[in-house]
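Okay, structure first, notes after.
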Amino acid sequence: MSTMVDVRHLFVRFGDFTAVRDVSFTVEKGEIFGFLGANGAGKTTTIRVLCGLLLASEGRVFIDNEELIAGHESLIKSKVGYMSQHFTLYDDLSIRENMDFAASLRHMNHAEYLKNRRDLLDFIGFNEDLTKVVRDLPTGIKQEIALCVSLLHQPKIVFLDEPTAGVAPVARHRFWELIKKLVAQGKTIFVTTHYMDEAENCGRIALMRSGELIALDSPANLKQNTFHKQLYHLSPITTPVILPDRNLFDIWEPYGQNYHAVFKNDTDISIVRKHFNIQKISPSLEDVFIQLVEGQTR
Amino acid sequence: MNTLWGFIKKEIMTLLRDPVLLVAILIMPALQVVILGQAISFEARNLKLAVDTVPNDMMMSRIKDHALGSGWFIDFPNSRQSAIKAVQTGEVDAAIIAPAGGLTKSMLRGEGKLQILIDATNVLKAQSIEGYLQGIIAHVMKTEYQYQTVPPLSFTTRILFNPQLETQWFIVPAIMGILVLMSILTLVSISITKEKERGTIETLISAPISKRDIILGKTLPFVLVAFLNMLLIQCVGVVLFDLPFVGSSLMFILSFVIFCVPACGIAVWLSTYTQTQQQALLGLMIVAFLMMMLSGALFPTENMPTLLRWIADINPLTHFTYLLRNIVLKGADLSYFMEKAAYMLITGILLCLMAVKRFKTTL
C-alpha cells in the first residue's frame, strides 16, 4: 500500500480559537479511513482543509504525493471528490441538471461525462427519470445522487463528511455497501460519521477530541487497547433503580436504561449483584468512543 | 408567565442579537432621513445658463445678473455659436439668445425679441427653468422701465428634446437604469448568498475552478436578464408613451454593458458581507435606495449639498441615467458618451477590484 493522504502537524486557527491542533496522520490507498469525534472536535474543519476548501494555519498536507499549497489548490481539487454534510445538491434543479453542472465545474469532456454518469447511475442502481427535481427525492436517493456527483470526475479519493446524517437505517446500510464496492474498485474513502456501527466498517479510525487526535488504530485494536479489564453489562432488577457506590468502578457509563461498567476489583461484583443482572461483554466501538472522546471531557 | 410578554421578549432579544438587522432597522432609516432630507427637493438650483449677446447689451446684462443673483442659475461663458451647441450637447441646461445687435437696441427699435432654449431631457428642470426665466425677465422689465412704458418684448421658448414636456419621457429612461441596477443587485447578491446559506457554495469551491470563473458564472446570466428587462421597459415606453429613440442602438447597448461593470461589482462586494438571503436583501435595499435617490433619476442633483453632490457624481447610476436620457431623447454625441462611459468604467473597475479582493474561494 502507498500513501494517499499525508497530514503533518496540521493547525487550523480561527482568531484566538484553535479548531485543529497539531494533527498528523496518513491514509493509505484503497483504505476506508474513519474520522470520529464529538461535535466541534475538528472533523469537518480537517476534511475541509484536505479538500482545499479551507486554508491551514500551519502544517503540511499531501494528497496523492502532491502538496496542498495555498493559492494552488486546483490540482488537489481535481484529484479529490467531496460530499458534504448537506449533500450540496441544488434542490431546485433536476438530477440531470445537477450532474451537468457538476461536470461543467470539473471541465469534463462531454462524452466522458455521459459515460461516467451512466456507469455511476448503474453503480447505485438508479434507473428512474433524471428530470426529477432533487427537492422531490427521498433523502436516501439524494444521498446516493450526491455520491455520484462527487465521483463524476473519477477522483482517486472521496471525502465524505457525515454522509448518512439524517438517513433511514436501510438507506444507510445500502450506502455503506456502495462505499465497500468503491473500495473494491480501488478508491480511497475518508469518512466522518457519528454512527459507531458504520465506523466498524473502517479499516482504521482516527478519534478527535477538542481539535486533537487522541487515538488512531483499527477498530479491533482500539477496543483491545482501551479496555484492559473486563467490561460488564448491568441491567437493573429493582424499581426504582438503586445505584451502587461509584467508587467500586473504574468505568461507569449509562447505556440506555442499563449500564456498562468496569469494576476496580472483580470481587465487588457480588455487592452489586443484589440489584443488577450482570453479564460479561466485549467492548463495542461505542464504548471506546464514549470512554476516549466523551468520557475524558466530563 | 404571560405568553404575549414571552413573545415580545424573545423577538426583541433576537433583534438585538442580529447586528445586521439592527443596523438596517434602526440606524439606516435615521441615516436615510438625515441624508435624503437634505438631498430630496423638487426645486432645481445650480442650473447652467448660457447668455448669448453682444458686448454692452445693458438689458441682457441685467437679465443675466438677475438670473445669476437669484441663486437658481450658474454662469456658462460662451459665444453665439456655442450657446445653441451647449444646450444640444447638454453642457448647459438653458440659453438666452438676444437678437442680432443685442436686446437693448432691438427693444429701442420696438422689435424686442428674445429666444430661450431649454434642454428638456430632464422635465423637472425644464419646467423650473421656464418658470424662473419668465419671472426674471418680467421682473427686469418692470424694474428697468419703472416710470416708463415698457417697450414691446416678445420671447419664444424652445423646449428641446421633449417639446411637450412629457414626464414619461423623462421617467422611462430613469426607470430603465433603476431596473437594470435592481435586477443585477438583487439577482447576483441573492444568488451568491443563497449558495452560502444552503451550503452549495462548497460544491463550487471544492471544484478546481478560479475565483474569476465563479464571479463571472454568478454575474453574466443575470446581466442577460437585466438586458432583457431594459429592452422590455424601452418597448413599453415606445408603445404606451410614444417614447422616441433618437440615438444610436450601439451606444444604448454599450452604455448598458459598461454600467453592468459597477453594478456587478457592487452586487458581488455586497454578497461578501452577507451570510443569509435576508441580510443580502436588507443590504441591497439600503444600497439601491441611496443610489436611486442620489442619482438624479428621480430628483435633481444640482441643488443637493456639496457632499451629497460628490456622492451623486461618483454614483454610476447618475451617469447611466443621464446617458440613457441623452441617448433616447437627444441622440448623445460620442464625446458625451465617452465622458459618461469613462466615469462608469472607472468606478466599475474600482468596485470590481474591491469585490474580487474580498471574495473568497475558501470557507
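Sequence order for the protein chains is Z and Y.
With numbering that gives the first Met the number 0, letter number 164 in the first sequence gets 163, and the count goes up by one each step, no holes.
With numbering that gives the first Met the number 0, letter number 246 in the second sequence gets 245, and the count goes up by one each step, no holes.
For every residue, glycine included, the Cβ atom is placed at its ideal position computed from N, Cα and C.
Computed from a prediction, not measured in an experiment: that's the story for all the values here.
Can you tell me whether Met12 (chain Y) is buried or exposed, with buried defined as 16 or more other CB within 10 angstroms of its CB?
Taking the second sequence and counting its residues from 1, the one referred to as residue 12 (chain Y) is at position 13. Answer is exposed; the Cβ neighbour count stays below 16.
Going along chain Z in order, which residues have a C-beta closer than 8 Å to the C-beta of Glu196 (chain Y)?
For the purposes of this step, residue 196 (chain Y) is identified with residue 197 of the second sequence, where counting begins at 1. Chain Z residues near Glu196 (chain Y): none, gap ~11 Å exceeds 8 Å.
Does the segment 188-195 of chain Z come close enough to the segment 223-238 of chain Z to have 3 or more Cβ pairs within less than 8 Å?
no
Determine contact between the segment 89-101 of chain Y and the segment 14-22 of chain Y, defined as no fewer than three beta-carbon pairs at a distance below 8 Å.
no
Under the rule that 16 or more other beta-carbon atoms within 10 Å means buried, what is Asn276 (chain Z), buried or exposed?
Residue numbering aside, residue 276 (chain Z) sits at position 277 when the first sequence is read from its first letter. Result: exposed.
What are the boundary residues of the alpha helix (DSSP H) that includes Ala287 (chain Y)?
The residue given as residue 287 (chain Y) occupies position 288 in the second sequence. First-last of the alpha helix (DSSP H) with Ala287 (chain Y): Gln276 to Met292.
Measure from the C-beta of Phe358 (chain Y) to each C-beta in chain Z and report whether the shortest distance is under 8 Å.
Position 359 of the second sequence, counted from the first residue, corresponds to residue 358 (chain Y). It does not: the Cβ of Phe358 (chain Y) has no partner Cβ on chain Z nearer than 8 Å.
Cα separation between Val224 (chain Y) and Glu96 (chain Z)?
Mapped onto the second sequence, residue 224 (chain Y) falls at position 225. Mapped onto the first sequence, residue 96 (chain Z) falls at position 97. Approximately 20 Å, taken between the alpha carbons.
Using only the alpha-carbon positions, how far apart do Ser73 (chain Z) and Pro243 (chain Y) sit?
Taking the first residue of the first sequence as 1, we reach residue 73 (chain Z) at position 74. Taking the first residue of the second sequence as 1, we reach residue 243 (chain Y) at position 244. Each residue's Cα considered, the two are about 52 Å apart.
In whole angstroms, what is the alpha-carbon distance linking Ile345 (chain Y) and Ala354 (chain Y)?
Looking up residue 345 (chain Y) in the second sequence gives position 346. Looking up residue 354 (chain Y) in the second sequence gives position 355. Looking at the two C-alpha atoms, the distance is approximately 14 Å.
The segment 131-148 of chain Z touching the segment 170-180 of chain Z, judged by at least three CB pairs closer than 8 Å:
yes
Reduced DSSP secondary structure (H/G/I, E/B, other) of Lys63 (chain Y):
Counted from its first residue, the second sequence places residue 63 (chain Y) at position 64. Residue state, collapsed to three classes: helix.
In or out: Pro168 (chain Z) buried (at least 16 other Cβ within 10 Å) or exposed?
Here residue 168 (chain Z) is taken as the residue at index 169 of the first sequence, counted from 1. By the 10 Å Cβ count, Pro168 (chain Z) comes out exposed.
Could you spell out where the alpha helix (DSSP H) holding Ile280 (chain Z) opens and where it closes?
Residue 280 (chain Z) sits at position 281 when you count from the first residue of the first sequence. Taken as a continuous stretch (DSSP letters only), Ile280 (chain Z) belongs to no alpha helix (DSSP H), being part of the beta strand (DSSP E) at Phe275 to Ile280.
Contact set for Ser209 (chain Y): own chain, Cβ-Cβ below 8 Å, skip 5 residues either direction
To locate residue 209 (chain Y), count along the second sequence from 1; it is residue 210. Excluding sequence neighbours, Ser209 (chain Y) sits near Thr360.
Quick one: which chain Y residues come within Cβ less than 7 Å of Thr87 (chain Z)?
Taking the first sequence and counting its residues from 1, one reaches residue 87 (chain Z) at position 88. Within 7 Å Cβ-Cβ: Gly198, Thr199, Glu201 and Thr202.
Take the Cβ of Ser218 (chain Y) as the centre, count every other Cβ of all protein chains shown within 10 Å, and call the residue buried at 16 or more, exposed below.
Counting from one through the second sequence, the residue named residue 218 (chain Y) turns up at place 219. One detail in the question is off: residue 218 (chain Y) reads as Thr in this sequence, not Ser. Looking at its Cβ environment, which holds 16 or more other Cβ atoms inside 10 Å, Thr218 (chain Y) is buried.
Test: Pro207 (chain Y) CB closer than 8 Å to a CB of chain Z:
Position 208 of the second sequence, counted from the start, is the residue given in the question as residue 207 (chain Y). So yes, Pro207 (chain Y) belongs to the interface.
With distance defined between alpha-carbon atoms, name the residue in Y:Pro315, Y:Val327, Y:Met337 and Y:Lys329 nearest to Leu349 (chain Y).
Counted from its first residue, the second sequence places residue 349 (chain Y) at position 350. For the residues Y:Pro315, Y:Val327, Y:Met337 and Y:Lys329, the minimum Cα distance to Leu349 (chain Y) belongs to Y:Pro315.
Take Thr25 (chain Z) as the anchor and find which of Z:Thr238, Z:Phe189, Z:Phe262 and Z:Thr266 has the nearest alpha-carbon.
The residue you call residue 25 (chain Z) lines up with position 26 of the first sequence. Taking only the C-alpha atoms, the option nearest Thr25 (chain Z) is Z:Phe189.
With a threshold of 6 Å on Cβ separation, who are the neighbours of Thr45 (chain Z) within its own chain once the five nearest residues in sequence on each side are excluded?
Numbered from its first residue, the first sequence carries residue 45 (chain Z) at position 46. Excluding residues within five positions, the ones whose Cβ falls inside 6 Å are Val19.
Whose C-beta lies closer than 7 Å to the C-beta of Val171 (chain Y) among residues of the same chain, with five residues either side of it excluded?
Numbered from its first residue, the second sequence carries residue 171 (chain Y) at position 172. Answer for Val171 (chain Y): Ile232, Gly236, Phe240 and Leu242, listed in chain order.
Measure the CB-CB distance between Leu289 (chain Y) and Met175 (chain Y) and report whether it falls below 8 Å.
Position 290 of the second sequence, counting from 1, holds the residue named residue 289 (chain Y). Position 176 of the second sequence, counting from 1, holds the residue named residue 175 (chain Y). Taking 8 Å as the Cβ cut-off, Leu289 (chain Y) and Met175 (chain Y) do not qualify as a contacting pair.
Mind listing, in chain order, the continuous beta strand (DSSP E) runs of no fewer than 3 residues lying wholly within the segment 101-186 of chain Z?
156-160
When you compare each of Z:Ile123, Z:Gln84 and Z:Gln153 to Asn115 (chain Z) by their alpha carbons, which one comes out closest?
Here the question's residue 115 (chain Z) lines up with position 116 in the first sequence. Comparing Cα-Cα distances from Asn115 (chain Z) to each of Z:Ile123, Z:Gln84 and Z:Gln153, the minimum goes to Z:Gln153.
Roughly how many whole angstroms lie between the Cα atoms of Tyr89 (chain Z) and Lys42 (chain Z)?
Here residue 89 (chain Z) corresponds to residue number 90 of the first sequence, with the count starting at 1. Here residue 42 (chain Z) corresponds to residue number 43 of the first sequence, with the count starting at 1. Roughly 24 Å separates the two Cα atoms.
Is the CB of Cys50 (chain Z) under 8 Å away from at least one CB in chain B?
You won't find chain B in this structure, because its protein chains are Z and Y.
Taking only three categories from DSSP, how would you classify Asp21 (chain Z)?
Position 22 of the first sequence, counting from 1, holds the residue named residue 21 (chain Z). Residue state, collapsed to three classes: strand.
Is Leu362 (chain Y) close to chain Z, meaning its C-beta is less than 8 Å from at least one C-beta of that chain?
Locating residue 362 (chain Y) in the second sequence gives position 363, counting from the first residue. Chain Z, which has a Cβ nearer than 8 Å to the Cβ of Leu362 (chain Y), makes this yes.
In whole angstroms, what is the alpha-carbon distance linking Lys104 (chain Y) and Pro304 (chain Y)?
The count along the second sequence starts at 1 and reaches residue 104 (chain Y) at position 105. The count along the second sequence starts at 1 and reaches residue 304 (chain Y) at position 305. Near 41 Å, if we compare the C-alpha coordinates of Pro304 (chain Y) and Lys104 (chain Y).
Name the chain Y residues that come within less than 7 Å of Arg47 (chain Z), Cβ to Cβ?
Here residue 47 (chain Z) refers to the residue found at position 48 when the first sequence is read from its first residue. Going along chain Y in sequence order, the residues near Arg47 (chain Z) (Cβ under 7 Å) are Leu362.
Taking CB distances under 8 Å as the criterion, tell me whether Arg59 (chain Z) reaches chain Y.
Within the first sequence, numbered from 1, the residue matching residue 59 (chain Z) stands at position 60. No, Arg59 (chain Z) lies away from the interface with chain Y (no Cβ there is under 8 Å from its Cβ).
Given Ser23 (chain Z) as reference, the closest of Z:Ala260, Z:Ala55 and Z:Glu285 once Cα atoms are compared:
Counted from its first residue, the first sequence places residue 23 (chain Z) at position 24. When each option's Cα is compared against that of Ser23 (chain Z), the closest is Z:Ala55.
Helix, strand or coil for Leu53 (chain Z) per DSSP?
Numbered from its first residue, the first sequence carries residue 53 (chain Z) at position 54. Three-state result, Leu53 (chain Z): coil.
Considering only the alpha carbon of each residue, which of Y:Val256, Y:Gly347, Y:Ser254 and Y:Tyr342 lies closest to Val267 (chain Y)?
Residue mapping note: residue 267 (chain Y) aligns to position 268 of the second sequence, counting from 1. When each option's Cα is compared against that of Val267 (chain Y), the closest is Y:Gly347.
Nearest to Leu352 (chain Y) by CA position, among Y:Cys259, Y:Pro299, Y:Arg157 and Y:Gly264, is which residue?
In the second sequence, the residue the question calls residue 352 (chain Y) occupies position 353. Closest by alpha carbon: Y:Gly264.
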